[in-house]
Each structure stands twice: as C-alpha cells, then as structure tokens.
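When we follow our numbering, the leftmost residue of the sequence shown carries the number 31, and every step to the right adds one.
We put the beta carbon where it would ideally sit given N, CA and C, even for glycine.
Here is the structure we will look at.
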Amino acid sequence: MSDSRMRVRKLTTEDADAWSKVGDGEIFVSDIVDLTTVPDAKMTVGFARVGRGEVLDISFPYDEVLILTKGSYTVRTEHGETITARAGEVIYLPAGSSSSSIAEEDTEMVYVAHPPSVYADHVAAATAGQ
C-alpha cells in the first residue's frame, strides 16, 4: 500500500485547487476526493460555498449528503417537504430526487456523492458546452 492515493489524509478548503462556479450566481464547488484524484474512490467529496439568497433547482441521479459547516440552507422537495439545516446538521438527498434549495445566509458545506462515476457523468453532462 505504498501508493500515495491509498494514504490517510486530512483535507481542508485550502486543499481545493479549483473552485467551479455553478450557474450565474454566487455558488462555488470544489471536488477534493473524486475519481480524478483517487481513481478507486467509492464516493466524491467536495466543498461548496453558497451566497445568501442563492437558489438552486436540481435533480440527482446519485445519492448526496450535504454537511453544513456554516450558515443555513433550506431544501424544498418535489413532495412539498421543507427541510432547513444549519451548521452541524446534515441533509440527505436520495438518488432520483428533485428539489429546490436556497441559502438563507452565506453558507458553506461539505458534500458527499455516491457513486462517484454517476456523479462525474452528471457533472460532465451539466457543464457540457459551457
């Protein structure tokens, strides 16, 4: 197990090499563990920064967990449920779900997506032609 990809490590927002802008607003994401950085990864992990008032409508073909580290974030599901999480809380978005979300204040979070190949394909399709 001398492969550097197999070592245990701590990652912070400072390890995020590139932040990608999502849409036209103040939403930025950075994958820090994915199939590019760890080809055998069983998940994608990244950081997100969402400006106050930013709205995002999305559907997921993969499971995703949002772990709030700062701020407040509200998700409205396709079934009419409203879930608000604050720093230290988690929102689970199952594969196949659709939702609308809003940052109630400047928000930072860690996201975890599984499986990583489905996440990568979804991101590639969403950013094609940009």
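Worksheet item: Taking C-alpha atoms, which residue in 134, 76, 83 lies nearest to residue 43?
Response: The sequence position of residue 43 within the sequence shown is 13, counting from 1. Residue 76 is the option with its Cα nearest to residue 43.
Worksheet entry | Endpoints, beta strand (DSSP E) assigned at residue 61 | Translated into positions along the sequence shown, residue 61 becomes position 31. 57 to 63 is the extent of the beta strand (DSSP E) around residue 61.
Worksheet item: Could you give the residue range of the alpha helix (DSSP H) that holds residue 149?
Response: Along the sequence shown, one-based indexing puts residue 149 at 119. Element bounds for residue 149: 146 to 157.
Practice prompt. Enumerate in chain order the residues of its own chain whose CB-to-CB distance from residue 96 is below 6 Å, with the five nearest sequence positions on each side excluded.
Written response: By 1-based counting over the sequence shown, the position of residue 96 is 66. If we look at residue 96 and ignore the five residues flanking it on each side, its Cβ neighbours are 121, 139, 141.
Fill in: Of the residues 47, 72, 116, 54, the one placed nearest residue 61, counting alpha carbons only
Residue 61 sits at position 31 when you count from the first residue of the sequence shown. When each option's Cα is compared against that of residue 61, the closest is 47.
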